[in-house]
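Protein chains: 2
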Amino acid sequence: MKPNFSLRLRIFNLNCWGIPYLSKHRGDRVKRLGDFLNMESFDLALLEEVWSEQDFQYLRQKLLPTYPAAHYFRSGVIGSGLCVFSKHPIQEFTQHVYTLNGYPYMIHHGDWFCGKAVGLLVLHLSGLVLNAYVTHLHAEYNRQKDIYLAHRVAQAWELAQFIHHTSKKADVVLLCGDLNLHPKDLGCRLLKEWTGLHDAYLETRDFKGSEEGCTMVPENCYVNQRELQPFPFGIRIDYVLYKAVSGFYISCKTLRTTTGRDPHSGTPLSDHEALMATLCVRHSPPQHTPSPTHGPAERSRLISVLKEAWAELDLGMAQARWWATFAGYVIGLGLLLLALLCALAAGGGVREVAIMLWTPSVGLLLGAGAVYLFHVQEAKGLSRARAELQHMLGRAREAHDLDPESQAALFLGQQEGDRSEEQ
Amino acid sequence: MKPNFSLRLRIFNLNCWGIPYLSKHRGDRVKRLGDFLNMESFDLALLEEVWSEQDFQYLRQKLLPTYPAAHYFRSGVIGSGLCVFSKHPIQEFTQHVYTLNGYPYMIHHGDWFCGKAVGLLVLHLSGLVLNAYVTHLHAEYNRQKDIYLAHRVAQAWELAQFIHHTSKKADVVLLCGDLNLHPKDLGCRLLKEWTGLHDAYLETRDFKGSEEGCTMVPENCYVNQRELQPFPFGIRIDYVLYKAVSGFYISCKTLRTTTGRDPHSGTPLSDHEALMATLCVRHSPPQHTPSPTHGPAERSRLISVLKEAWAELDLGMAQARWWATFAGYVIGLGLLLLALLCALAAGGGVREVAIMLWTPSVGLLLGAGAVYLFHVQEAKGLSRARAELQHMLGRAREAHDLDPESQAALFLGQQEGDRSEEQ
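In the order they appear, the protein sequences are chains A and B.
Per the working numbering, residue 2 is the first one in the first sequence, and the count goes up by one each step.
Per the working numbering, residue 2 is the first one in the second sequence, and the count goes up by one each step.
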């Protein structure tokens with residue numbers, strides 16, 4: 002590769018809000034999205050919440066001349082909702098479905114049925130290996146009392162681990178998607194600290210779009226205004242994140258977002274805002290692109306976020322075990338009830354009542370059994386993520402303890418911590 | 002690294018048959034396994050079917066002085082059964098749970114509840130990066146009419162993809178485990194062709210152990226003799242596979258298996274035979290270790306096995322869709338029956354009978370609903386693997402068509418194919 006190598010990448014990301022029968026003006030929005038993508042001719046368009054495979058097939062046909070390569074990531078009962086359109090050939094693709102993704106009995110939330118996942122595309126661009134990831138994490142339905150927090154943290158960790166282990170030979174790593182995490186949320190910090198990915202919104206000097214880079218804004222007519230009440234400008238939960246791994250330097254030249262409306266017809270493309278980034282990749286000697294996890298300050302931050310995530314997963318595990326135990330008691334109770342009903346039915350007397358109660362008690366038993374199995378599996382999934390976190394925490398601490406610079410950083414960090422506790 | 006660098010690795014693999022309450026002499030066998038591992042002091046011991054975490058904890062305590070590092074891979078309701086003990090520090094670990102793993106209603110087979118997975122360990126040995134994988138694929142209960150074939154092929158593909166994408170920067174790749182695949186089975190060929198892994202049994206010049214390297218042999222008193230009847234020497238379904246990726250050369254100096262009995266006490270350690278391999282890794286200029294997927298003959302073989310796997314997954318998908326459609330009809334029937342029963346119960350007359358039939362019809366409805374959802378998800382999972390296979394098939398064909406050498410190989414291959422068809 003030439004030393005003055007330079008590559009410009011135009012990236013598009015949008016959570017399309019494409020729920021069949023439920024999302025307003027879906028057909029019209031998908032059509033306009035196709036027109037827009039064709040007109041803009043991005044290098045890579047990464048989409049989430051394309052729940053209907055027909056929508057994907059429609060877009061595929063429409064975008065074929067401009068984006069000859071495309072892929073739809075299938076998983077779960079409904080699908081992952083993830084798909085990509087690329088101007089360049091896709092060398093390889095694969096996906097990883099998250100171990101934990103909500104609860105099957107929370108049917109009205111539906112995340113469990115979707116099989117949320119992370120999709121990976123490997124592209125070769127002028128000799129450069131680009132690993133592009135697209136994902137959509139579990140939704141946040143109640144920020145004050147978020148019963149899915151442990152699952153989302155576990156997903157963020159699995160995502161970070163998947164990127165970490167599959168991108169070791171990539172020159173450039175790109176992650177786009179709806180993380181359902183605010184920038185300072187634990188999952189977001191964990192992901193960034195562990196992978197070393199940079200946030201396009203924070204890095205670029207040329208941003209135009211919604212206030213504070215928000216990707217769900219009150220100006221958008223499809224957004225539930227009540228949910229956004231605590232956030233006057235909206236929330237930022239969709240991201241373009243990137244890093245260069247070896248001998249390359251990457252920067253975000255421009256970042257644009259839509260602002261709650263379509264410039265042409267007035268109604269927006271989705272309830273989320275689209276992100277459009279222009280990234281520039283240049284050749285750079287390896288020593289100019291140090292890994293962000295190597296410095297003592299970075300290691301301190303990593304240790305702190307790993308500890309926080311560990312504690313959150315631990316809480317989640319306790320919760321899961323509580324539910325499994327509770328379901329175990331209900332199973333016992335259901336068995337007792339069934340035995341009693343059998344005795345009553347055989348003995349005559351209240352026979353009809355006994356028979357009538359069969360259905361609910363068998364239902365109770367089966368339901369409790371399913372809940373028991375589910376929460377045992379949930380506890381195992383959380384325990385797995387916690388074990389990985391604990392191991393990496395141990396290693397980060399070892400590295401920290403061995404490094405004399407770290408001691409000073411730790412001391413300063415402690416002083417700062419003490420000050421903030423005093424305040 | 003010095004040019005005369007050389008590393009000797011002693012590896013142990015065993016499917017431990019450690020099912021609580023069901024496996025005979027479990028406690029005694031685990032104890033003797035611990036003694037044996039301590040005595041032999043391998044570099045790495047990879048175990049499958051350690052279903053009880055207590056057994057793992059017991060071994061961990063017992064092996065701590067010889068194997069300071071250990072990990073148990075948790076997943077599913079029961080667990081993956083996988084664990085490792087290492088003489089060397091484990092740098093990183095993670096796991097991938099297979100998307101498809103049998104059917105929840107096949108409770109007597111139980112695989113679905115296990116959450117079968119592949120575990121990855123990253124070790125740094127004298128500056129060499131070793132990626133060690135341990136896995137256990139879905140069991141084969143009936144070779145003549147194997148209803149799990151598509152799932153096992155999909156698992157083999159996911160395993161191959163996981164290794165392919167996570168080992169790109171590894172110097173040496175090692176895979177041990179119970180694949181539940183005979184050496185010439187589709188899944189085994191797919192795995193080997195796609196990853197380029199070599200089979201220790203086929204490569205070594207110094208083998209001692211059971212006839213034909215079998216890992217389930219009729220001499221073993223725990224083995225179901227009836228199941229092994231068609232195979233007089235037994236079957237080979239446990240493997241040590243390896244490859245060197247870049248600038249290294251790896252060979253298997255010796256391979257030993259147990260032969261159906263423990264040399265000391267007479268009863269074997271498990272119903273499977275243990276594999277003990279001594280691998281030697283040496284430095285080698287990159288051009289001496291060509292990737293096995295680069296030659297036209299290898300590409301021809303790859304294309305052929307990809308096509309075969311594609312066809313198998315396609316069959317599996319048709320089956321899954323048939324079941325989903327069938328369950329859909331049963332749901333419709335169940336709803337009709339419920340409506341009828343409601344009408345009868347309200348109208349009097351056969352009221353008691355109507356009420357009595359409530360339980361089975363509600364059960365039918367819920368059961369059919371669950372079966373429907375399961376098979377829709379199964380079809381999605383198979384479709385995902387098929388799409389990945391199809392993509393790689395397309396790429397392999399392109400590479401094949403571009404290469405003039407391939408044309409000759411293809412021609413020869415076709416001639417050979419024609420000859421075998423004529424026979």
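Where a beta carbon is used, it is the ideal one built from N, C-alpha and C, also for glycine.
The model shown is predicted, which means the values in this text are computed figures rather than measured ones.
Beta-carbon to beta-carbon, Leu138 (chain B) and Val85 (chain B) are separated by about 17 angstroms, too far to satisfy the 8 angstroms threshold. One Cα belongs to Leu307 (chain B), the other to Asp404 (chain B), and the distance between them is close to 19 angstroms. A distance below 6 angstroms between beta-carbons, with the five flanking residues on each side excluded, links Gly188 (chain B) to the following residues of its chain, in chain order: Arg153, Val154, Ala157, Leu182. Looking at the DSSP output, Gln96 (chain A) bridges to A:Gly120.
Taken through DSSP and simplified to helix, strand or coil, His110 (chain B) comes out as coil. Against chain A, the beta carbon of Arg75 (chain B) has neighbours under 8 angstroms at Lys381, Gly382, Ser384, Arg385, Ala388, listed in chain order.
According to DSSP, residue pairing for Asn143 (chain A) in a beta bridge does not occur.
Counting only residues of its own chain and dropping the five nearest sequence neighbours on each side, Asn225 (chain B) has no CB closer than 7 angstroms to any other CB.
Here DSSP, grouped into helix, strand and coil, assigns Phe163 (chain A) to helix. Counting along the chain, Met393 (chain B) sits inside the alpha helix (DSSP H) bounded by residues 359-403. Using a 10 angstroms sphere on the CB of Met318 (chain A), the tally of other CB atoms reaches 16 or more, which defines it as buried. Under the three-state reduction of DSSP output, Leu187 (chain B) falls in the helix class. If you check each beta-carbon in the stretch 359-380 of chain A against every beta-carbon of chain B, the ones closer than 8 angstroms belong to Trp359, Thr360, Val363, Gly364, Leu367, Leu374, Val377, Gln378. Within the stretch 215-227 of chain A, no residue places its CB atom closer than 8 angstroms to a CB of chain B. Leu60 (chain B) is positioned such that its CB atom lies no closer than 8 angstroms to that of Val135 (chain B).
Not a single CB atom of chain A sits nearer than 8 angstroms to the CB of His273 (chain B). Across the structure, Ala133 (chain A) and Trp324 (chain A) are spaced so that their CA atoms are roughly 38 angstroms apart. Scanning its chain for C-beta atoms nearer than 6 angstroms, with the 5 sequence neighbours on each side dropped, one finds around Pro105 (chain A) the residues Trp113, in chain order.
The Cβ of Val78 (chain A) sits closer than 8 angstroms to at least one Cβ of chain B.
Per DSSP, Glu212 (chain B) is not a residue of any alpha helix (DSSP H), being assigned neither H nor E.
For the stretch 90-113 of chain A, the set of residues with a beta-carbon nearer than 8 angstroms to any beta-carbon of chain B comprises Ile91, Gln92, Glu93, Phe94, Thr95, Gln96, His97, Val98, Thr100, in chain order. According to DSSP, Met217 (chain B) shares a beta bridge with B:Ile236. DSSP places Tyr330 (chain B) in the helix class (H, G or I) of the three-state scheme. Proximity of chain B to His26 (chain A) at the Cβ level (cut-off 9 angstroms) is not reached, the minimal Cβ distance being about 27 angstroms.
The beta carbon of His137 (chain A) does not come within 8 angstroms of any beta carbon belonging to chain B, so the residue lies off that interface. Rounded to whole angstroms, Gly335 (chain B) and Ala118 (chain B) show a C-alpha spacing of 36 angstroms. Out of B:Gly261, B:Val130, B:Glu204, the CA that lies nearest to the CA of Lys254 (chain B) is found in B:Glu204. Using a CB distance cut-off of 8 angstroms, Gln162 (chain A) counts as an interface residue toward chain B. The contact set of Lys88 (chain B) on chain A, defined by CB atoms closer than 9 angstroms, is empty, because the minimum CB distance reaches about 17 angstroms. Beta-carbon to beta-carbon, Gly77 (chain A) and Cys115 (chain A) are separated by about 5 angstroms, close enough to satisfy the 8 angstroms threshold. For chain B, the residues of the stretch 167-187 of chain A that bring a beta carbon within less than 9 angstroms of one of its beta carbons are Thr167, Ser168, Lys169, Lys170, Ala171, in chain order.
Here Leu337 (chain A) is exposed. Its C-beta has fewer than 16 other C-beta atoms within 10 Å. For His401 (chain A), no CB of chain B lies under 8 angstroms from its own CB, so it is not counted at the interface with that chain. For the C-beta of His392 (chain B), the chain A residues within less than 7 angstroms are, from N- to C-terminus, Phe94.
By the C-beta density criterion, Asn221 (chain B) is buried, having at least 16 other C-beta atoms within 10 angstroms.
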